[in-house]
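Colleague: Under our numbering, the first residue of the sequence shown is numbered 26, with each subsequent residue one higher.
I have a structure here, written as structure tokens, and I will follow up with some questions on it.
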Amino acid sequence: MRYITAGESHGPQLTVILEGVPAGLTLTAEHINKELLRRQKGHGRGRRMQIETDTVEIVSGVRHGMTLGSPITLIVKNDDFKHWTKVMGAEPISEKESKDMKRTITKPRPGHADLNGAIKYGHRDIRNVLERSSARETTVRVAAGAVAKQILKELGVEIAGHVLEIGGVQAKRISNLPIEEI
Numbered sequence: 026m027r028y029i030t031a032g033e034s035h036g037p038q039l040t041v042i043l044e045g046v047p048a049g050l051t052l053t054a055e056h057i058n059k060e061l062l063r064r065q066k067g068h069g070r071g072r073r074m075q076i077e078t079d080t081v082e083i084v085s086g087v088r089h090g091m092t093l094g095s096p097i098t099l100i101v102k103n104d105d106f107k108h109w110t111k112v113m114g115a116e117p118i119s120e121k122e123s124k125d126m127k128r129t130i131t132k133p134r135p136g137h138a139d140l141n142g143a144i145k146y147g148h149r150d151i152r153n154v155l156e157r158s159s160a161r162e163t164t165v166r167v168a169a170g171a172v173a174k175q176i177l178k179e180l181g182v183e184i185a186g187h188v189l190e191i192g193g194v195q196a197k198r199i200s201n202l203p204i205e206e207i
């Protein structure tokens, strides 16, 4: 299975296209939305997580809850786009509208892809890079992961994880718990 993502953090939507998913796999938006909800409730989430209600729309590759074997397209709409239509719209804007918009971003954030992307693609406005390298983009990566998780489930494979030790302090070992409780 391979996937490609598209879309900007404040654009109209985020998209992922998955290729190589077998036909006959049970897949519903509900399966994927459960994983998206887990992402939203994670530790250290910012204000953006409170604005967006991440729900997936299955656009292609699934019919009546079963995969077709063709590429699967999933989208997650950005509710906040309504406030960014001028700044992030795809259509050209007038010079006056350009001056009225939010400032051009020219200072890269330390530790982010901003500087590398601006150099690689020749962008003066770093917004063109940071919109793709935003944590928001992980939304559709989680959606792709939910599909992979469903494939594994159908094969009888379950995945779980937990911390064994932090700074020399070991967690109490608990055995025979169902994965949902770990």
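Glycine is no exception: its CB is placed at the ideal position from the N, C-alpha and C atoms.
I believe Thr30 touches Arg166 by the beta-carbon criterion, under 8 Å. Please report the beta-carbon distance rounded to the nearest angstrom.
Modeller: Position 5 of the sequence shown, counted from the start, is the residue given in the question as residue 30. Position 141 of the sequence shown, counted from the start, is the residue given in the question as residue 166. That pair is a contact at about 7 Å.
Colleague: Hey, is Gly45's beta-carbon within less than 7 Å of any beta-carbon in chain C?
Modeller: Here there is only one protein chain, and chain C is not present.
Colleague: Enumerate in chain order the residues of its own chain whose CB-to-CB distance from Ala196 is below 8 Å, with the five nearest sequence positions on each side excluded.
Modeller: Locating residue 196 in the sequence shown gives position 171, where the first residue counts as 1. Excluding residues within five positions, the ones whose Cβ falls inside 8 Å are His187, Val188, Leu189 and Glu190.
Colleague: With burial defined as no fewer than 16 other Cβ atoms inside 10 Å of the residue's Cβ, what is the status of Arg88: buried or exposed?
Modeller: Position 63 of the sequence shown, counted from the start, is the residue given in the question as residue 88. Classification of Arg88: exposed, given that the 10 Å Cβ count is below 16.
Colleague: I need the boundaries of the beta strand (DSSP E) containing Ala31, first residue and last residue.
Modeller: Looking up residue 31 in the sequence shown gives position 6. Note, Ala31: beta strand (DSSP E), Arg27 to Ala31.
Colleague: Quick check on this structure: which residue in Met126, Met91 and Ile118 has the alpha carbon closest to the alpha carbon of Gln175?
Modeller: What you label residue 175 is simply residue 150 of the sequence shown in a count that begins at 1. Selected option, being the one with the closest Cα: Met91.
Colleague: Would you call the segment 107 to 120 in contact with the segment 53 to 69, where contact means no fewer than 3 C-beta pairs closer than 8 Å?
Modeller: Too few Cβ pairs lie closer than 8 Å, so no.
Colleague: Of all the options Gly193, Ala185, Val172 and Leu202, which has the alpha carbon lying nearest to the alpha carbon of Leu43?
Modeller: For the purposes of this step, residue 43 is taken as the residue at position 18 of the sequence shown. Here the closest residue by C-alpha is Val172.
Colleague: Ordered along the chain, which non-local residues of its own chain (more than five positions away) have a Cβ less than 8 Å from that of Ala168?
Modeller: The residue you call residue 168 lines up with position 143 of the sequence shown. Within the same chain, Ala168 has close Cβ partners Val41, Ile57, Glu60, Leu61, Val81, Leu99 and Val101.
Colleague: Over the uninterrupted beta strand (DSSP E) stretch that includes Lys66, give me the two end residues.
Modeller: What you label residue 66 is simply residue 41 of the sequence shown in a count that begins at 1. Element bounds for Lys66: n/a, residue is neither H nor E.
Colleague: What residue range does the beta strand (DSSP E) around Lys262 cover?
Modeller: Since the displayed the chain opens at 26 and closes at 207, residue 262 lies outside it and no answer follows.
Colleague: Within the segment 127 to 180, note down every full alpha helix (DSSP H) run reaching 4 residues or more, in order along the chain.
Modeller: Segments of the alpha helix (DSSP H) lying fully in the segment 127 to 180: 139 to 146, 152 to 155 and 163 to 179.
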